[in-house]
Amino acid sequence: MFAESTIISRRGMRPFSLLICFFLFAGLCFFLPLSAQTTAGASAPSSFTSNLINIEAAVSETFRYNANLHNGSPETRIYDLYAQVPEGWLIAFRTMGSQVSSVSVDAGKTQDISIEINASQVAKPARYNIPVMAISSKDTLRLNLQAVVKGAYGINLSTPTGLLSDDITEGSKREIHLVVANTGTIPLKEIDLSAQTPAKWQASFEPSKIAQVEPGKTADVTATLTVPDKTIAGDYVTVFTAKNSNASSDATFRMTVKTSILSGWIGIIVILLAVFLVYRLIRKYGRR
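Here it is as structure tokens:
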């Protein structure tokens, strides 16, 4: 009898257990989508980011970073923009084409900001850390940038004495010694030599191309100018140029052309003959 009542009791509990399982399953199905929807709709936290945080360039170039300032708060916030740059460096923040010092970002929105950094002309090749901050009344967002200065290109073309003038006789050649100096902090490679000469003049170089000049070093070049015959005496300008893909330098050289001694004597003889001829004519026909 007791066993029979126990079996009946257990059989009566099965529908109740199934009902409880049904409600538990239904509750889970209801709350899980709601929880997932709430997580997906949540706004991302405020942030100050940039895809590129490390840029390498010459000291004369501008370091440009494209940053994103996101306001994850439920209210509009005004962010003041600051940066800690080395002494002598310059920084500018731009948005929508204008330079700014602060920006207003709506709740849940992102503002694109261009950051332009110019290194000091005397900055040595190195890696420089530049902390950038966007500060509001409620929070401070930080962005750590790096500017890698790889040096500067510099070239100077002149003569060993610095004198940029000489004289030459018509119909002759003149060798001019030039010096190509690397005034930058980066090696100069594949330097070409050229000249702009007066009409019919010719210029050649030895060597005509310099493979490489290290920083602080120089290279000697011999330029040969050829002046054509019957060139009128006077001052003429030739512009020598040394350049590669990164730098160039010009040297304006003034050349004074003189007539040859032979031409001078011929001219004198012609003048004397003309005077003598006039004298004879006067003596011959002046008495009549």
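Taking our numbering, I'd label the letters of the sequence shown as residues 1 to 288.
C-beta: ideal position from N, C-alpha, C; glycine also.
Check, Outcome
"Closest residue to Pro-74 among Glu-61, Met-96, Val-239 and Thr-110 (Cα-Cα distance)", "Thr-110"
"Reference Leu-157, options Val-179, Ile-78 and Gly-151, closest by Cα", "Val-179"
"Cα-Cα separation, Pro-187 to Lys-124", "15 Å"
"For Val-270, the three-state DSSP class (helix, strand or coil)", "helix"
"DSSP three-state assignment for Val-278, whether helix, strand or coil", "helix"
"One or two residues paired with Ala-57 in a DSSP bridge", "Val-149"
"Whole-angstrom distance between Asp-220 and Gln-146, CA atom to CA atom", "39 Å"
"Proximity below 8 Å, CB of Leu-69 to CB of Tyr-82", "no"
"Cβ contact (3+ pairs, closer than 8 Å) linking the segment 166-182 and the segment 82-93", "no"
"Candidates Tyr-285, Val-213 and Ile-130: closest to Asn-244 by CA position", "Val-213"
"CB contact flag (Pro-215, Thr-185, <8 Å)", "yes"
"Euclidean distance between Cα positions of Ala-274 and Met-255", "33 Å"
"Option in Ala-233, Thr-231 and Thr-224 with minimal Cα separation from Val-239", "Thr-224"
"Ser-35 to Pro-45 span [Cα, whole Å]", "Confidence at Ser-35 is low in this model, with a pLDDT of 36, below 50, so the placement of that residue is unreliable and no value is reported for it."
"Minimum C-alpha distance to Ile-53 - residue among Gln-121, Ile-271, Gly-234 and Glu-116", "Glu-116"
"Same chain only: Cβ atoms within 7 Å of Asn-144, ignoring 5 sequence neighbours per side", "Ile-53, Asn-129 and Pro-131"
"Residue closest to Phe-93, alpha-carbon to alpha-carbon, out of Val-105, Ile-113, Asp-106 and Asp-166", "Ile-113"
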